[in-house]
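Colleague: Have a look at this one.
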Amino acid sequence: MSTPTSFRAWQELQEHYARIAPLHLRDLFREDPERAERFTLSFEDILFDYSKNRITNETVELLLQLAREADLPGWIRRMFAGEKINVTERRAVLHTALRNPRGTSVLVDGKDVMPEVHAVLDQMRRFSEEVREGRWLGYSGKPIRDVVNIGIGGSDLGPVMVTHALRPYHSSLNLHFVSNIDGTHLAETLRGLDPATTLFLVSSKTFGTLETLTNAKSARAWFLESAKDPAAVAKHFVAISTNEKAVVAFGIDKRNMFPFWDWVGGRYSLWSAIGLSIVLAIGMDHFEELLAGAHAVDEHFRTAPLEKNIPVIMGLLGIWYNNFFQASTHAVFPYDQYLAFLPAYLQQADMESNGKHVQKDGTPVSCTTGPILWGAPGTNGQHAFFQLLHQGTKLVPADFLVPAQSHNPLGPSDEHHRILLANCLAQTEALLRGKTAEEARQEMEAAGLAADDVTRLIPHRTFEGNRPSNTFLFRKLTPRTLGSLVALYEHKIFVQGTIWNINSFDQWGVELGKQLAQLLLPELNGEPARRPHDSSTERLLRAVRSLL
Ligand code: F6P
């Protein structure tokens, strides 16, 4: 039985929770001067401080025991070896192979996939160099200036997040991303672009996604209004997909196609040809650094002992709060404007992977699974929702990510970045220690408040503290560091899915809405309903039709 709640460690963690819950982080730090040292791990120039968590040595030991009982080391081995651990789709899960260096081999159904992986990387290098160096010419003989990636979900969020994060490494090409079926997205993106100097990347693993195909069709119509000649499409449209037949049926020459494979999950695909927009932005050498950073973490995850393994500890801490403290969300706060899209990216990575209600064998889960992941860059969040984190009634475990050095030093002694750093450290400290009633009283008295006001305001100005956080401190946001950070989160998700005994690599939950939209569409066009709706949907349909 792999059901996590049946593990001995799970029972022991439940008892342990009752003993730990009343302890305050303030006291744990006071009693143990070595705490920060003991609960910090480092990987290259990333420091992972998890000491501000509501844990003791015993908690960590029990959580590690849980991982052992779930055979986490065995599942890690199986994933890297290319076993078909995506059981519902009977697929291997090998985004790790995409970042393997040359000379390695990984077998899927007895075939080494590495030669193909590197052949596509070579194809990406050749193509991107032609475009970036102005040798790839559009139909009127002009070089490409703007690149528009059309894709959604995993075929959009990774490239959006990485191209934004690595802005300091961009060349002169302008990158744009269109994902939403809302015509506004495409229309606003194309406004001001010149068809003669615009290249479209149609990115879709399945090449069957309605939003992407509809946007690509409209982009082609926009392009042909100027180019006139359908033969010109070959110079301006390339496809990235696993589905050659659908690419050709859409009208894109297969010589303009960059393939990948069904063993790459959409939300794990930025390392594949789906990363072509990234390569066009930052160049192949930087993309290879991104891959190398992720590969280095793969090696760490594969080989480091569980207690020193950062994704393992990240995953176990998440389980501690999710399943024992009943925290329903997990927040990610990058104190780096370049990482503004990291929360949105991780939302898909985490919630599409671990938002599951049945175990691998189809039986209902016996505990809650993936948390609601959310977040926003600091310091903006502090002036918006941090009030709830500090004084609300919900426990929100949070990750804070911050680079020591900025790409944009601004002001005397890099004033901007120092203020940013100070705020990041201050928030985790405030969450940990809070402010006692006595501290609040002394503070107000020192400020000269009247005795009545002091008494009245004490409860409002008291902070409970004891709110957990992790801090990821790194030197600077480089392609390598970013690759490592993303891979740490990918493997954290794997750790949690393994312990919850769910399949983190399918996403059947997105299908029902798609099916119902297909049924509703003809009705919007005035056709009779093919099936009855509930009265709310019926009423809304009538209202929409009357407003069209
Ligand atoms: O609808 C969800 C989803 O299937 C995601 O898993 C995927 O990343 C996205 O749609 C896009 O799919 P595709 O790359 O096949 O167009």
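Sequential numbering of the sequence shown, starting at 922, is according to our numbering.
For each residue, glycine too, the CB sits at the ideal point set by N, CA and C.
From a predicted model like this one, the values you see are computed outputs, not experimental measurements.
1) When the Cα atoms are used, what is the spatial distance from residue 1022 to residue 1244?
2) Any heavy atom of the ligand F6P within a distance shorter than 7 Å of the CB on residue 1126?
3) By Cβ distance, which residues of its chain are closer than 6 Å to residue 1325, with the 5 residues on each side in sequence left out?
4) I'd like to confirm the pairing. Which residues does DSSP put opposite residue 968 in its beta bridges?
5) Taking only heavy atoms of the ligand F6P into account, decide whether any of them is closer than 7 Å to the Cβ of residue 1072.
6) Using only CA atoms, which one of 1118, 1183, 1253, 1377 lies nearest to residue 1265?
7) Could you check whether the Cβ of residue 1428 sits closer than 7 Å to any heavy atom belonging to the ligand F6P?
8) Say the cut is 7 Å; is the CB of residue 1385 nearer than that to a heavy atom of the ligand F6P?
9) Quick one: complete beta strand (DSSP E) runs, 3+ long, within the segment 957 to 1035?
10) Answer yes or no: the CB of residue 1075 versus the heavy atoms of the ligand F6P, is any distance below 7 Å?
11) Could you check where the alpha helix (DSSP H) with residue 1296 kicks off and where it finishes?
12) Whole angstroms is fine: what's the gap from residue 1094's alpha carbon to residue 1201's?
13) Would you kindly work out how many angstroms separate the C-alpha atoms of residue 1457 and residue 1463, rounded to a whole number?
14) Report all residues from its chain with a CB closer than 6 Å to the CB of residue 1327; omit the five preceding and five following residues, and keep chain order.
15) Hey, how far is the Cα of residue 1076 from the Cα of residue 1103?
16) Check for me: the beta strand (DSSP E) holding residue 1235 runs from which residue to which?
17) Taking 7 Å as the line, does the beta carbon of residue 1069 fall inside it for any heavy atom of the ligand F6P?
18) Comparing C-alpha positions only, which one of 1284, 1214, 1259, 1241 sits nearest to residue 1406?
19) Taking 7 Å as the line, does the beta carbon of residue 1407 fall inside it for any heavy atom of the ligand F6P?
20) Does the beta-carbon of residue 1391 have 16 or more other beta-carbons within 10 angstroms, so that it is buried, or is it exposed?
21) Cα separation between residue 984 and residue 1314?
22) Tell me the residue span of the beta strand (DSSP E) that contains residue 1387.
23) Who are the near neighbours of residue 1276 in its chain, counting only those whose CB is closer than 6 Å to its CB and skipping five residues on each side?
24) Output needed for residue 1189: all residues of its chain with C-beta closer than 6 Å, excluding positions within five of it in sequence on either side, in chain order.
25) Classify residue 1062 as buried or exposed, calling it buried when 16 or more other Cβ atoms lie within 10 Å of its own Cβ.
26) Ignoring anything shorter than 4 residues, give me the alpha helix (DSSP H) runs that lie fully in the segment 1276 to 1352, in order along the chain.
27) Does the structure place the segment 1268 to 1282 close enough to the segment 1347 to 1359 that three or more beta carbon pairs sit under 8 Å?
28) Tell me whether residue 1431, by its Cβ, gets closer than 7 Å to a heavy atom of the ligand F6P.
Modeller: Short version:
1) For the purposes of this step, residue 1022 is taken as residue 101 along the sequence shown, with counting starting at 1. For the purposes of this step, residue 1244 is taken as residue 323 along the sequence shown, with counting starting at 1. Taking the straight line joining both Cα atoms gives about 38 Å.
2) Position 205 of the sequence shown, counted from the start, is the residue given in the question as residue 1126. For the ligand F6P, at least one heavy atom lies less than 7 Å from the Cβ of residue 1126.
3) Along the sequence shown, one-based indexing puts residue 1325 at 404. If you ignore the 5 residues before and after residue 1325, its C-beta comes within less than 6 Å of the C-beta of 1396, all in its own chain and listed in chain order.
4) The residue you call residue 968 lines up with position 47 of the sequence shown. Within the DSSP bridge table, the entry for residue 968 names 963, 1394 as partners.
5) Here the question's residue 1072 lines up with position 151 in the sequence shown. Yes; taking the cut-off as 7 Å, the Cβ of residue 1072 has a heavy atom of the ligand F6P nearer than that.
6) Residue 1265 sits at position 344 when you count from the first residue of the sequence shown. Out of 1118, 1183, 1253, 1377, 1253 has the C-alpha closest to the C-alpha of residue 1265.
7) As a first step, residue 1428 is located in the sequence shown; it is residue number 507 there, counting from the start. Correct: residue 1428 has its Cβ closer than 7 Å to the ligand F6P.
8) Residue numbering aside, residue 1385 sits at position 464 when the sequence shown is read from its first letter. Residue 1385 Cβ: outside cutoff for every heavy atom of the ligand F6P.
9) The segment 957 to 1035 contains these whole beta strand (DSSP E) runs: 961 to 964, 967 to 970.
10) To locate residue 1075, count along the sequence shown from 1; it is residue 154. Because some heavy atom of the ligand F6P lies under 7 Å away, the Cβ of residue 1075 counts as near it: yes.
11) As a working mapping, residue 1296 is identified with position 375 in the sequence shown. Counting along the chain, residue 1296 falls outside any alpha helix (DSSP H), though it belongs to the beta strand (DSSP E) covering 1293 to 1296.
12) Here residue 1094 corresponds to residue number 173 of the sequence shown, with the count starting at 1. Here residue 1201 corresponds to residue number 280 of the sequence shown, with the count starting at 1. Rounded to the nearest angstrom, the two C-alpha atoms are 7 Å apart.
13) One-based indexing of the sequence shown puts residue 1457 at position 536. One-based indexing of the sequence shown puts residue 1463 at position 542. Approximately 10 Å, taken between the alpha carbons.
14) Walking along the sequence shown from the start, residue 1327 turns up at place 406. Residues 1338 of the same chain have their beta carbon placed closer than 6 Å to that of residue 1327, with the five preceding and five following residues left out of the count.
15) Within the sequence shown, numbered from 1, the residue matching residue 1076 stands at position 155. Within the sequence shown, numbered from 1, the residue matching residue 1103 stands at position 182. Roughly 17 Å between the two C-alpha positions.
16) Position 314 of the sequence shown, counted from the first residue, corresponds to residue 1235. Where residue 1235 is concerned, there is no enclosing beta strand (DSSP E), although the alpha helix (DSSP H) it sits in stretches over 1231 to 1240.
17) Numbered from its first residue, the sequence shown carries residue 1069 at position 148. Result no, Cβ not under 7 Å from the ligand F6P.
18) Looking up residue 1406 in the sequence shown gives position 485. Comparing Cα-Cα distances from residue 1406 to each of 1284, 1214, 1259, 1241, the minimum goes to 1214.
19) For the purposes of this step, residue 1407 is identified with residue 486 of the sequence shown, where counting begins at 1. Every heavy atom of the ligand F6P is 7 Å or more from the Cβ of residue 1407, so no.
20) Position 470 of the sequence shown, counted from the first residue, corresponds to residue 1391. Classification of residue 1391: buried, given that the 10 Å Cβ count is 16 or more.
21) For the purposes of this step, residue 984 is taken as residue 63 along the sequence shown, with counting starting at 1. For the purposes of this step, residue 1314 is taken as residue 393 along the sequence shown, with counting starting at 1. Linking residue 984 to residue 1314 through their CA atoms gives a straight-line distance of about 26 Å.
22) Along the sequence shown, one-based indexing puts residue 1387 at 466. For residue 1387, no beta strand (DSSP E) segment is defined, and its DSSP state is neither H nor E.
23) Walking along the sequence shown from the start, residue 1276 turns up at place 355. Setting aside the 5 residues that flank it on each side, residue 1276 is surrounded in the same chain by 1291, each with a C-beta closer than 6 Å to its C-beta; the list follows chain order.
24) Indexing the sequence shown from 1 puts residue 1189 at position 268. Answer for residue 1189: 1016, listed in chain order.
25) What you label residue 1062 is simply residue 141 of the sequence shown in a count that begins at 1. When all chains shown are included, residue 1062 counts as exposed.
26) Within the segment 1276 to 1352, complete alpha helix (DSSP H) segments of at least 4 residues are found at 1307 to 1312, given in chain order.
27) With the cut-off at 8 Å, the segment 1347 to 1359 and the segment 1268 to 1282 do not touch.
28) Within the sequence shown, the letter at position 510 stands for residue 1431. Yes - the ligand F6P has a heavy atom lying nearer than 7 Å to the Cβ of residue 1431.
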